[in-house]
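What the sequence shown shows, in our numbering, is residues 169 to 433, in sequence order. Glycine included, each C-beta is placed from N, C-alpha and C at the ideal position. Note sheet for the following structure.
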Amino acid sequence: MASSVNKIDQERLRLRQAVASWLAARRPKPSGLGFDVETTGARLKVDVAACWLQNLKFDGDEVLKLRHAIVLCCPTRESCWPECSSAEAIVAEVSRLRAEAEKEECKIREQEPELRADDVLFEELALWEYERSVNPRYQELRQRLAELENMLYKGTRLERLASRPMAEKMYIATPAGLLQPNELRRDWGLLWVDADKGAKLVRDGKPHSCQPPDQVKLLNNILASTMDMMLSTPVPCRRKPKRIAKTLHLATGTENNQATTAGKD
């Protein structure tokens, strides 16, 4: 039992390190990054959090923009839904219904083009307000999916973090292939971590709207977590080089011999 727990802990550490490297490689580069970061309270932490603080120009004036990304690392499928005893059966049903909902969304794009929210150059980047559709089957699927997701995520960190977003982007990180995109809430992104290739983005999460006081609080918590990590890191003791140590030993031995000889005289 202890060995299996240790393996899970080691896997979580591996996920965290890979996620941190992935976040650090984003452009623009993060202004700060922390581990075990508190969010709304001390009992609700995320594994990794990053912040970006940028000076942007708007109508000739400089505007300070703050945004965040948070990541939960799940080394096993059970850790994705720890509070749900029948998670696998529910996830299978969610996956099936979501596949059907995606087919209905294809119909909606053809039959209700007015639901296209943004006028963008590339179609794959367009946002659609499917929730406004008059498609009755799609609305039934949305309602059933919401019920199942409530059963899956009730009481979990995902639900609590989504109910009061403190970061614009939220992700789940798992070993590669452990969790499929259609098994995860749509407002969360998915990262896969490969042992050799590191972390990669499988699905981006929908941007969340955050309140400025919560953004500032999360920034302070990231800085505090970084400080705690630095203060708790043991300082390595530097050993003296062997040659210097040997010289000191010989010198000490010579002094002792001289002192002994002088005592006899």
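Extent of the continuous alpha helix (DSSP H) run through residue 309: Here residue 309 is taken as the residue at index 141 of the sequence shown, counted from 1. Counting along the chain, the alpha helix (DSSP H) containing residue 309 begins and ends at 304 to 321.
Rounded distance between the beta-carbons of residue 366 and residue 188, thought under 8 angstroms: As a working mapping, residue 188 is identified with position 20 in the sequence shown. As a working mapping, residue 366 is identified with position 198 in the sequence shown. So it is not a contact: roughly 10 angstroms between Cβ atoms.
Member of 350, 401, 378 whose CA lies at the smallest distance from the CA of residue 336: Working through the sequence shown from its first residue, we reach residue 336 at position 168. Nearest option by C-alpha distance: 378.
Helix, strand or coil at residue 326 according to DSSP, with G and I counted as helix: Walking along the sequence shown from the start, residue 326 turns up at place 158. Note: residue 326 maps to helix in three-state DSSP.
Three CB pairs or more closer than 8 angstroms across the segment 194 to 201 and the segment 218 to 225: yes
N-terminal and C-terminal residue of the alpha helix (DSSP H) that residue 381 is part of: Along the sequence shown, one-based indexing puts residue 381 at 213. Per DSSP, residue 381 belongs to the alpha helix (DSSP H) from 380 to 400.
Residue from 190, 324, 320 whose Cα sits closest to the Cα of residue 211: Here residue 211 corresponds to residue number 43 of the sequence shown, with the count starting at 1. Ranking 190, 324, 320 by Cα distance to residue 211 puts 324 first.
Alpha-carbon spacing of residue 276 relative to residue 258, whole angstroms: Working through the sequence shown from its first residue, we reach residue 276 at position 108. Working through the sequence shown from its first residue, we reach residue 258 at position 90. In a straight line, the C-alpha of residue 276 is about 26 angstroms away from that of residue 258.
Coil, strand or helix - residue 361 by DSSP: For the purposes of this step, residue 361 is taken as the residue at position 193 of the sequence shown. It is a strand residue.
Sequence-distant residues of the same chain with beta carbon closer than 8 angstroms to residue 316, five excluded per side: Working through the sequence shown from its first residue, we reach residue 316 at position 148. Cβ neighbours of residue 316 beyond the five flanking positions: 258, 261, 262, 265.
Selection from 204, 362, 236, 274 that minimises the alpha carbon distance to residue 305: Here residue 305 corresponds to residue number 137 of the sequence shown, with the count starting at 1. The candidate whose alpha carbon is nearest that of residue 305 is 274.
Spatially closest choice to residue 369 from 376, 360, 375, by CA coordinates: Against the sequence shown, residue 369 aligns to sequence position 201. Taking only the C-alpha atoms, the option nearest residue 369 is 360.
Straight-line Cα distance separating residue 285 from residue 256: Mapped onto the sequence shown, residue 256 falls at position 88. Mapped onto the sequence shown, residue 285 falls at position 117. Near 34 angstroms, if we compare the C-alpha coordinates of residue 285 and residue 256.
CB-CB length for residue 237 against residue 321, believed under 8 angstroms: Reading the sequence shown from its first residue, position 69 is the one you call residue 237. Reading the sequence shown from its first residue, position 153 is the one you call residue 321. Residue 237 to residue 321, Cβ: 20 angstroms. No contact.
Simplified DSSP assignment, three categories, for residue 427: Taking the first residue of the sequence shown as 1, we reach residue 427 at position 259. Only weak support is given to the placement of residue 427: the predicted model assigns it a pLDDT of 47, under 50, and the question is left unresolved by the model.
Sequence ranges, alpha helix (DSSP H) only - wholly within the segment 206 to 288, length at least 4: 255 to 279
Helix, strand or coil at residue 343 according to DSSP, with G and I counted as helix: For the purposes of this step, residue 343 is taken as residue 175 along the sequence shown, with counting starting at 1. In this structure, residue 343 counts as strand in the three-state DSSP scheme.
Residues that DSSP places opposite residue 367 in a beta bridge: If you number the sequence shown from 1, residue 367 lands on position 199. For residue 367, which the question treats as bridged, DSSP gives the partners 361.
C-alpha distance - residue 342 paired with residue 385, whole-angstrom precision: The residue labelled residue 342 in the question sits at position 174 within the sequence shown. The residue labelled residue 385 in the question sits at position 217 within the sequence shown. When rounded, the distance between both Cα atoms is 27 angstroms.
Reduced DSSP category for residue 372 - H, G, I as helix; E, B as strand; rest coil: Here residue 372 refers to the residue found at position 204 of the sequence shown. Residue state, collapsed to three classes: coil.
Classification of residue 318 by the beta-carbon crowding that lies within 10 angstroms, buried from 16 upward: The count along the sequence shown starts at 1 and reaches residue 318 at position 150. Classification for residue 318: exposed.
Beta carbon of residue 376 nearer than 7 angstroms to that of residue 333: As a first step, residue 376 is located in the sequence shown; it is residue number 208 there, counting from the start. As a first step, residue 333 is located in the sequence shown; it is residue number 165 there, counting from the start. In contact: residue 376 and residue 333 (Cβ atoms closer than 7 angstroms).
Where residue 204 sits in the DSSP three-state scheme: The residue labelled residue 204 in the question sits at position 36 within the sequence shown. Three-state DSSP puts residue 204 in a strand.
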